[in-house]
Each structure stands twice: as C-alpha cells, then as structure tokens.
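**Student:** Before anything else, here's the structure in question.
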Amino acid sequence: DTAVSQTPKYLVTQMGNDKSIKCEQNLGHDTMYWYKQDSKKFLKIMFSYNNKELIINETVPNRFSPKSPDKAHLNLHINSLELGDSAVYFCASSQGPRAGGNRNSPLHFGNGTRLTVT
Amino acid sequence: KNQVEQSPQSLIILEGKNCTLQCNYTVSPFSNLRWYKQDTGRGPVSLTIMTFSENTKSNGRYTATLDADTKQSSLHITASQLSDSASYICVVIASGGSYIPTFGRGTSLIVHP
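Residue numbers (the numbering used here), protein chains in the order written: chain A, -8 to 109; chain B, 1055 to 1167.
Here it is as structure tokens:
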C-alpha cells in the first residue's frame, strides 16, 4: 500500500537515449511534483502539477517533459539524455498547490529513481 | 538568494545519546520550516513543521526549535536509536507565489551501538 510509488528504481542508460520515469500516488492528493537530488544531496523542485495543470517549471531544460494523465499520475520523460542528468529523481505529492506542501499536508515522497547516464 | 545551510555535515553518536542538528537560512519572506528524515535509498519523510509564531515543536523523541529573528532552527534527538541513522534535511518555504521550498544539504547522522 505504498503511498507514492515510482518506477523504475534504477535506470542506467547511454547518452542520447530517451527514457521515462513513472509515478503514481494513492493518497488522493491534488498536487504532484518532480524533484531532483544531485550528487551533493541538494533536492530541487523541477515541476509541479495541480489537478493535472502545470503550475511550476523551475527552468528545467525542455528535454524534460512531465505528463499528468490524471491527478494520481505524473510521469517524467527525458529526451536526449546527457551525463549531467545523472541524479536521483523523486516524485512527491501533497494536498494544495503550494510547492513545499502546506501546514496540514507535507510533501510525501516516493523512494526515488537513480538515473545513471553513461 | 535563498539558502539553507546545515551543520554539522555528518555526525556519529552512540546509541542512547542525544544530539542537536543546526539549520541557518536566508529565505525571505519566510512561510514555514520543515525537518525531514531521509533513510538511505528512500524518500524524505516529514518530521515537523514550524510557522513563524512557533518556537518549539515535538514529535516523539524529535524536538525542533525555531528562532525566526536570527533565522535559525535546530533539531534535537533524544535517546538516539539505531533507526535514527539517516540524513536530516531542513527545508524552508518562502511565502508568496507558489511557496517554493529551499532544501538544505542535510546532516548525515550515524548511530552506533
């Protein structure tokens, strides 16, 4: 009964390839996010969707394209992968459109997808 | 530029001991501050949230403090357990707009038996 689940957990691919990461939440939240955790362990928000509508796009290259078919799913497609894309990508959800969650609804994170581009 | 700095970067303690982790921030305007616990290979899990008017908030053996004047927060862990070994991340949310969070790098805590 995992609340936020993302697949795959590990993804190893070569430069130039296109890959997707899937995310699903069963918490009934209306907002979902993609975060990137770099090698220095900093987490940074990439995108957020509220009720399937994009509300945050933090200057992410357009090679990254999120897609939200419904409130419970937010997938991340990455084109033409580069070495610098190697990181751990976290999906998260919360109730309400505030990127950091709100008082009664913190961010609920998935367990991450470790992407390695060779 | 909004920044969150945490110290120490890493900490090793013996089981049963107490410890305190620090967080300094320059995020403005301030909305709220959260502490998250991130186990290895897992996503962060929220421990506490503190708003401007709150000085102390407890969650079991975890007690967070906030001094909004000096822009400092601390997380105190009492009677540490092996399961406390994790990274503890301070997150400060700016008010206005989409309330973008700024994450600290985290403090890596190792509890030895």
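Cβ coordinates follow ideal geometry from the N, Cα and C atoms, glycine included.
Taking its Cβ as the centre, do 16 or more other Cβ atoms sit within 10 Å of residue 1164 of chain B, making it buried, or is it exposed?
**Tutor:** Within the second sequence, the letter at position 110 stands for residue 1164 of chain B. Flag for residue 1164 of chain B reads exposed.
**Student:** Applying a beta-carbon distance threshold of less than 9 Å, which residues of chain B neighbour residue 55 of chain A?
**Tutor:** One-based indexing of the first sequence puts residue 55 of chain A at position 64. The contacting residues do not exist; residue 55 of chain A stays about 18 Å from chain B at best.
**Student:** In chain B, which residues lie less than 8 Å from residue 36 of chain A when you measure between Cβ atoms?
**Tutor:** Residue numbering aside, residue 36 of chain A sits at position 45 when the first sequence is read from its first letter. Correct list: 1154 and 1155.
**Student:** Using 10 angstroms around the beta-carbon of residue 1133 of chain B, count the other beta-carbons present and answer buried if the total reaches 16, otherwise exposed.
**Tutor:** Indexing the second sequence from 1 puts residue 1133 of chain B at position 79. Residue 1133 of chain B is exposed by the Cβ-count criterion.
**Student:** Residue 1065 of chain B and residue 1166 of chain B: beta carbons closer than 8 Å?
**Tutor:** As a first step, residue 1065 of chain B is located in the second sequence; it is residue number 11 there, counting from the start. As a first step, residue 1166 of chain B is located in the second sequence; it is residue number 112 there, counting from the start. Contact flag unset, no.
**Student:** Compare the Cα-Cα distances from residue 98 of chain A to each of B:1150, B:1146 and B:1151 and report the closest residue.
**Tutor:** Locating residue 98 of chain A in the first sequence gives position 107, counting from the first residue. For the residues B:1150, B:1146 and B:1151, the minimum Cα distance to residue 98 of chain A belongs to B:1146.
**Student:** Quick one: what's got a C-beta closer than 6 Å to residue 34 of chain A's C-beta in the same chain, skipping five residues either side?
**Tutor:** Translated into the one-based positions of the first sequence, residue 34 of chain A becomes position 43. The beta carbon of residue 34 of chain A is closer than 6 Å to those of 26 and 28 in its chain, skipping five residues each way along the sequence.
**Student:** Rounded to whole angstroms, how far is the Cβ of residue 1135 of chain B from the Cβ of residue 1077 of chain B, which I believe are closer than 8 Å?
**Tutor:** The sequence position of residue 1135 of chain B within the second sequence is 81, counting from 1. The sequence position of residue 1077 of chain B within the second sequence is 23, counting from 1. Contact between residue 1135 of chain B and residue 1077 of chain B does not hold, since the beta-carbon distance rounds to 22 Å and is not under 8 Å.
**Student:** State buried or exposed for residue -5 of chain A, treating a residue as buried only when at least 16 other CB atoms are found within 10 Å of its CB.
**Tutor:** Along the first sequence, one-based indexing puts residue -5 of chain A at 4. That one is buried.
**Student:** Please identify, using Cβ separations under 9 Å, the residues of the stretch 97 to 108 of chain A that lie next to chain B, in order along the chain.
**Tutor:** 97, 98, 99, 100, 101, 102, 103 and 105
**Student:** Assign residue 1071 of chain B to buried or exposed, taking buried as 16 or more other Cβ atoms, counted over all protein chains shown, within 10 Å of its Cβ.
**Tutor:** Here the question's residue 1071 of chain B lines up with position 17 in the second sequence. Exposed is the call here.
**Student:** At least one CB of chain B closer than 8 Å to the CB of residue 32 of chain A: is that the case?
**Tutor:** Mapped onto the first sequence, residue 32 of chain A falls at position 41. Yes, residue 32 of chain A lies at the interface with chain B (some Cβ there is under 8 Å from its Cβ).
**Student:** Check for me: the beta strand (DSSP E) holding residue 37 of chain A runs from which residue to which?
**Tutor:** Numbered from its first residue, the first sequence carries residue 37 of chain A at position 46. Residue 37 of chain A: member of the beta strand (DSSP E) spanning 34 to 41, first to last residue.
**Student:** Which same chain residues, not among the five before or five after residue 1113 of chain B, have their C-beta less than 6 Å away from its C-beta?
**Tutor:** To locate residue 1113 of chain B, count along the second sequence from 1; it is residue 59. Within the same chain, 1101 and 1102 come within 6 Å of residue 1113 of chain B by CB-CB distance, once the 5 residues on both sides are set aside.
**Student:** Taking only beta-carbon atoms, is residue 1062 of chain B less than 8 Å away from chain A?
**Tutor:** To locate residue 1062 of chain B, count along the second sequence from 1; it is residue 8. By this cut-off, residue 1062 of chain B is not an interface position.
**Student:** Along chain A, which residues have their Cβ under 7 Å away from the Cβ of residue 1098 of chain B?
**Tutor:** For the purposes of this step, residue 1098 of chain B is identified with residue 44 of the second sequence, where counting begins at 1. Per Cβ cutoff of 7 Å: 100.
**Student:** By the 10 Å Cβ neighbour count, where 16 or more other Cβ atoms means buried, how is residue 1110 of chain B classified, buried or exposed?
**Tutor:** Locating residue 1110 of chain B in the second sequence gives position 56, counting from the first residue. Burial call: exposed.
**Student:** May I ask you to verify whether the stretch 4 to 19 of chain A touches the stretch 66 to 85 of chain A, counting CB pairs closer than 8 Å and requiring at least 3?
**Tutor:** yes
**Student:** Contact between the stretch 1056 to 1064 of chain B and the stretch 59 to 78 of chain A is defined here as three or more beta-carbon pairs at a separation below 8 Å; is this criterion met?
**Tutor:** Judged by Cβ distances under 8 Å, the stretch 1056 to 1064 of chain B makes no contact with the stretch 59 to 78 of chain A, as fewer than three pairs qualify.
**Student:** Against chain A, does residue 1164 of chain B count as a neighbour if the rule is that its beta carbon must be under 8 Å from one of theirs?
**Tutor:** Locating residue 1164 of chain B in the second sequence gives position 110, where the first residue counts as 1. So no, residue 1164 of chain B is outside the interface.
**Student:** Can you tell me which of A:101, A:79, A:39 and A:65 puts its alpha carbon nearest to the alpha carbon of residue 3 of chain A?
**Tutor:** For the purposes of this step, residue 3 of chain A is taken as the residue at position 12 of the first sequence. The candidate whose alpha carbon is nearest that of residue 3 of chain A is A:79.
**Student:** Along chain A, in chain order, which residues have C-beta atoms closer than 8 Å to that of residue 1159 of chain B?
**Tutor:** Here residue 1159 of chain B refers to the residue found at position 105 of the second sequence. 31, 32 and 33, listed in chain order.
**Student:** Out of B:1149, B:1081, B:1075 and B:1073, state which residue places its alpha-carbon closest to the alpha-carbon of residue 1055 of chain B.
**Tutor:** For the purposes of this step, residue 1055 of chain B is taken as the residue at position 1 of the second sequence. If we check each option's Cα against that of residue 1055 of chain B, B:1081 comes out closest.
**Student:** If you follow the beta strand (DSSP E) that residue 1153 of chain B is part of, which residue opens it and which one closes it?
**Tutor:** Residue numbering aside, residue 1153 of chain B sits at position 99 when the second sequence is read from its first letter. Unbroken run through residue 1153 of chain B: none, as it is neither H nor E.
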